[in-house]
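First comes the structure, then the notes that go with it.
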Amino acid sequence: MLLACGIAEQNVNVTPACPCLRGWLDGWWVFIYEKGYQSTDTAISSVFTKMKGVGYTNIKGSERVWDVADYVFPPQGDSSFVVMTNYIITEGQKMGKCPELDGKHNCSSNADCEGGSFKRTGHGQMTGVCLNTTKTCEVLAWCPIEDDVMIPDPPMLMSAENYTLFIKNSVTFPTFGVSRSNLVENIDNSYINKCLYDPTHAPLCPIFRLGDIVKLSGFKFETIARVGGAIGIVVDWTCNLDVDIKHCKPKYTFHGLYGNAAETDQARASVGYNFRYAKHYMEDKEQKRTLLKVFGIRFDIIVQSLARKFDIIPTLTAIGSGVGIFGVATVVCDLVLLYLLPKREFYKNMKFKYTDSHVQDPDSEACSTETEVCKK
Amino acid sequence: MLLACGIAEQNVNVTPACPCLRGWLDGWWVFIYEKGYQSTDTAISSVFTKMKGVGYTNIKGSERVWDVADYVFPPQGDSSFVVMTNYIITEGQKMGKCPELDGKHNCSSNADCEGGSFKRTGHGQMTGVCLNTTKTCEVLAWCPIEDDVMIPDPPMLMSAENYTLFIKNSVTFPTFGVSRSNLVENIDNSYINKCLYDPTHAPLCPIFRLGDIVKLSGFKFETIARVGGAIGIVVDWTCNLDVDIKHCKPKYTFHGLYGNAAETDQARASVGYNFRYAKHYMEDKEQKRTLLKVFGIRFDIIVQSLARKFDIIPTLTAIGSGVGIFGVATVVCDLVLLYLLPKREFYKNMKFKYTDSHVQDPDSEACSTETEVCKK
Amino acid sequence: MLLACGIAEQNVNVTPACPCLRGWLDGWWVFIYEKGYQSTDTAISSVFTKMKGVGYTNIKGSERVWDVADYVFPPQGDSSFVVMTNYIITEGQKMGKCPELDGKHNCSSNADCEGGSFKRTGHGQMTGVCLNTTKTCEVLAWCPIEDDVMIPDPPMLMSAENYTLFIKNSVTFPTFGVSRSNLVENIDNSYINKCLYDPTHAPLCPIFRLGDIVKLSGFKFETIARVGGAIGIVVDWTCNLDVDIKHCKPKYTFHGLYGNAAETDQARASVGYNFRYAKHYMEDKEQKRTLLKVFGIRFDIIVQSLARKFDIIPTLTAIGSGVGIFGVATVVCDLVLLYLLPKREFYKNMKFKYTDSHVQDPDSEACSTETEVCKK
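Residue numbers (this note's numbering), protein chains in the order written: chain P, 1 to 376; chain C, 1001 to 1376; chain X, 2001 to 2376.
See below:
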């Protein structure tokens, strides 16, 4: 770049700063900042999760505990799973005929209940009968029908705040043949047994308290536990493999995925996260089920990976590009000087001032280069 | 570019269109079309799905309805799930010894049934006995063995065509600190309660009728419902964050994922989508299960995201590249003129043979190019 | 490039090899090696998996078989699933009060067991009673409490080695409107019924023996079956759509995802893959469950896709870039010659053939620009 500027300076004693600076920036930008001397790879990754903790409910004197096999969906330790924090339970449902909920399929006579038809948000197939007692249509459905109008408040399983999540994540960079686990050096069994993730004091501990995760994502646990929500846990593997592999460590960040935390509930079209789950059983030779409307926090563990390593090919290419832009700057400097600046005629003369020296005539050559000949 | 072309014109009154045009195209291409003045980001995304609708079957007078807890696998509102549209049910299976299906493990004597061995496609472990009644080997298995030769036609749950799918999708662009939900402005509760997705009239309604999805993906519902299939729903978030955020809206497209719709079934090696699912129960102190061979439509919701926003760094880089290529074009023009074109000698003379011709003096012109004048 | 070098040679009979070679490499690199004349697309992909095979256990004379509905989690043929290879079963659990396991909540008196509190790794809520018989606290939990200290060895379901996995994978490149399935040409029903994947002899057969997968990923089946593990199956679709579509075929590779195979177990903080799964049932009007601690192999099927096809836009751009760098090389050659090399003064004279106009001699200056001097 100094050279390119030098040319301009040499010619006209004026340096057009802009294009020179650009060329210089571009060249080094590609090389240093964009790390043009390294090749990159993204990882094949696998995430395994495991919850720990026990919940407790006492409903009208009936105590029970909820362990991991009860509150995690699906059970197999997937990278995306739901932790139940609240629920509406409807026990002993069996196939039969019963009145629809008030507010759905309201009717005043049988004519309002077309037999054999459905409503999109209904619970079953209408039998064609309007029941006088409830003023709703009778339906063939899993009876009794779930009444989900009231969402328990406070949430049934507020204790979920103290559950812990263990994340096991391995990444493999196939191009470089490098494998890493989030259980990096010094994260051994004895450390895991007592550590708890903390952004400043224990940023590598793979055990997370649910309450902490929710807080770090900007949400309030009470709200999210009642109606459900979704939180993304990003595990960021940005690694420079030119330095010691032990510097290749995961970074954890937490993002609320549905709406921003400050948003008021009323403004939102669809709040929370819930789904229905049935446990089937046989009783007295009859098929029955327990229906759970589960409100919970969905956790999505998202692995972002980018490894870089010195490689001769991109290095050469980056040098080439840098040199290219650097060379171009010369041309640009000249162009600006010759055709754009107000004093361009002056610069033009300075630059070209060719004589007839190119004509292959020894005499004329002599004339122009040997002044004494001319003076003669 | 005009300048670069201008140089060529100035020199030789000929503009080599190609390299000039290329330089011009390249420069603007990077800047305008490839949006070189913006930085980009892809989103962290979360998808939550919810089915609504009730199915009804009447098998030999035994009526029942199928609700969302019965026909969606898995239940927790994942971005990839299966909606059951057809099934083969085998009730009351228990561990025991029974004959294999006809066509598997056929035998004429006990010698054909090696005790303790398995066949890859068999249902259990051979006991070593050839049963005379069926002419098949006896196996230790869940008995009675499921007979899945006949697939019900029409499908048991054709009503699935009228089920609706609600998609809740949020995207977060961490670089720009922007979060969006597919429930954009004006998609409020009252709209959601009555709308139904339509590519032209309601392209932002997040409620989709299954029959519509299948049709838009190019498949026929009857076929796909009978044997199962897979459909991808792509939610495309391509956003320019330099304009008002409310223009950042999702676009939905639908793709049949297994084979093309026109393909005949016979040509395909493996048709449909099915899996087996068991519901376990205890009866008379015995472990039993109901086995369902589920044929269904698998929906994969795929989020594609790309946000762009003005950024000074890529802008400078893009300008630099543009200027670079623009400058290069000059050199290229010259090279083509000087070394490639048939009349290159003429151009060469024109370009270099500058004498004092720049001085607008007719005499000096004569002097420098006509050597005899000097000699005079 | 030859031209660019030619210029240098023409001027000074010296070719600075480095920048010329760089320009040449860069230009062709982009065009040929990086395939600058093609546009690219990644696929929308869908994976469907299906296991086949039957396991057999004989525990104290109680024989049973395990079929696909018993050992695959989740059942619906997902791209990520777990095959159970070992388990610890706890039958007939019901809600109640029972002593904690030895090693957790050890106590000597009731004071050690704070009623109503939990421990992170405990199984239930402490009642406040220290049981003399076990010297552990009494907890409200699913009783009896699972004892998972001893992991069965050899694994209960070593027969999993002979299970087969069928992968159905379709990819759609939306930009090019091309769909492919891993059941490519010649992979028809009759072939699938008898083939088994082999890296050299049957690289396109979509049926994989679990034992083969584990071996190809570098692990030992016995180890991974006992404590569980995770294996990634990468399906690579790198396709050049300019040639016949039938050359667009998948390539399968296998990667152990947790730790490297040679690593000793002791060195690892967290070994294996396990989760808990409950089957609920009613017995004598009481809710009970069978708890399974499942050890298994988690398979993640990862699709990597990249299709390329000739496109006029990138071709023009690539040619432009190539020409650009090629042009730049000229400038670079000149710069090196003129300002860097030791003999630069010589080259400078050769190139510009400066007349004495640069010599600060008023006479010579006068001579060349003032024609009357010559005429004199």
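The C-beta atom is built at its ideal place from N, Cα and C for all residues, glycine as well.
From a predicted model like this one, the values you see are computed outputs, not experimental measurements.
Per-residue contacts from residue i into chain P (C-beta, under 9 Å)
i, result
"Glu1283/C", "Met282, Lys285"
"Gly2177/X", "Correct list: empty, because the minimum Cβ distance to chain P is about 27 Å."
"Gly1077/C", "Val82, Tyr273, Asn274, Phe275, Arg298"
6 Å CB neighbourhood of residue i in its chain, flanking five on each side removed
i, result
"Phe208/P", "Leu165, Tyr197"
"Ala1141/C", "His1123, Gly1124"
"Thr134/P", "Pro99"
"Asn1240/C", "Arg1308"
"Cys2018/X", "The pLDDT assigned to Cys2018/X is 39, lower than 50, so where the model puts this residue is not dependable, and the model offers no usable value."
"His2302/X", "The sequence given here places Ile at residue 2302/X; His does not occur at that position. Counting only Cβ-Cβ distances below 6 Å, and skipping sequence neighbours, we find Gly2232, Val2234."
"Ser1046/C", "Ser1170"
Contacts that residue i makes with chain X (C-beta to C-beta distance below 7 Å)
i, result
"Thr1121/C", "Lys2052"
Exposure of residue i, with buried meaning 16 or more beta-carbon neighbours within 10 Å
i, result
"Ala1069/C", "buried"
"Thr264/P", "Caution is warranted here: a pLDDT of 47 is assigned to Thr264/P, below 50, making its placement in the model unreliable, and the coordinate value is therefore given only provisionally. By the 10 Å Cβ count, Thr264/P comes out exposed."
"Asn1086/C", "buried"
"Val2243/X", "exposed"
"Asp1300/C", "buried"
"Phe295/P", "buried"
"Gly382/P", "Since the first residue shown for chain P is 1 and the last is 376, residue 382/P is missing from the structure and cannot be characterised."
"Asp2153/X", "exposed"
"Ser2109/X", "exposed"
"Ala2111/X", "exposed"
"Phe1310/C", "exposed"
Host alpha helix (DSSP H) of residue i (start-end)
i, result
"Asp2242/X", "Segment: none, Asp2242/X is in no alpha helix (DSSP H) and carries neither H nor E."
"Tyr191/P", "189-194"
"Lys2215/X", "2210-2216"
"Phe2221/X", "2221-2227"
"Tyr2071/X", "2068-2071"
Nearest-angstrom Cβ-Cβ length linking residue i and residue j, presumed shorter than 8 Å
i, j, result
"Tyr1277/C", "Phe1073/C", "7 Å"
"Gly2211/X", "Glu2283/X", "At roughly 39 Å, the Cβ-Cβ gap does not stay under 8 Å, so Gly2211/X and Glu2283/X are not in contact."
"Pro1144/C", "Thr1223/C", "That pair is no contact at about 30 Å."
"Val54/P", "Asp67/P", "5 Å"
"Lys1279/C", "His280/P", "5 Å"
"Leu979/C", "Lys1168/C", "The question about residue 979/C has no answer here: the residues shown for chain C are numbered 1001 through 1376."
Neighbourhood of residue i by C-beta, 7 Å cutoff - its chain only, sequence neighbours within 5 removed
i, result
"Glu2185/X", "Lys2246"
"Gly115/P", "Met126, Thr127, Gly128"
"Tyr2163/X", "Met2051, Lys2052, Gly2053, Val2083, Leu2210"
"Glu1286/C", "Lys1094"
"Arg64/P", "Thr57"
Any non-hydrogen atom of the ligand PLP within 7 Å of residue i CB
i, result
"Leu140/P", "With respect to the ligand PLP, the structure shown offers nothing to examine, as it has no ligands at all."
Chain C residues whose Cβ lies nearer than 7 Å to that of residue i
i, result
"Asp2102/X", "Here the premise fails: no neighbours, minimum Cβ distance about 30 Å."
Under 8 Å by beta carbon: chain P residues contacting residue i
i, result
"Phe1073/C", "By Cβ distance, chain P contributes nothing, its closest Cβ being about 10 Å from Phe1073/C, past 8 Å."
Other residues of its chain near residue i: CB distance less than 8 Å, five sequence neighbours each side excluded
i, result
"Lys1215/C", "Phe1221"
"Phe1113/C", "Just to set this straight, residue 1113/C is Cys in the shown sequence, not Phe. Closer than 8 Å at the Cβ level, and outside the excluded window around Cys1113/C, lie His1105, Cys1107, Met1126, Thr1127, Gly1128, Val1129, Cys1130, Cys1137, Glu1138."
"Thr2049/X", "Gly2077, Asp2078, Ser2079, Phe2081, Leu2165, Phe2166, Ile2167, Lys2168, Phe2299, Ile2301"
Residue i - containing beta strand (DSSP E), residue span
i, result
"Lys60/P", "Taken as a continuous stretch (DSSP letters only), Lys60/P belongs to no beta strand (DSSP E), as it is neither H nor E."
"Tyr281/P", "274-283"
"His1255/C", "1251-1256"
"Val54/P", "Neither: Val54/P is in no beta strand (DSSP E) and is coded neither H nor E."
"Ser1179/C", "1178-1181"
"Ile1301/C", "1286-1310"
"Ser2079/X", "No beta strand (DSSP E) contains Ser2079/X, which DSSP labels as neither H nor E."
Contacts that residue i makes with chain P (C-beta to C-beta distance below 7 Å)
i, result
"Tyr1056/C", "Gln125"
Within chain C, partners of residue i - CB distance below 8 Å
i, result
"Leu291/P", "Ala1069"
"Lys2279/X", "His1280"
"Met377/P", "Here chain P has residues from 1 to 376 only, and residue 377/P is not among them."
"Gly232/P", "Ile1044, Ser1046, Thr1172"
"Thr2090/X", "Those do not exist, as Thr2090/X stays about 14 Å from chain C at its closest Cβ, beyond 8 Å."
May I ask you to list, following chain order, the residues of the segment 135-152 of chain P that have a beta carbon less than 7 Å from some beta carbon of chain A?
The displayed structure is made up of protein chains P, C and X, and chain A is not among them.
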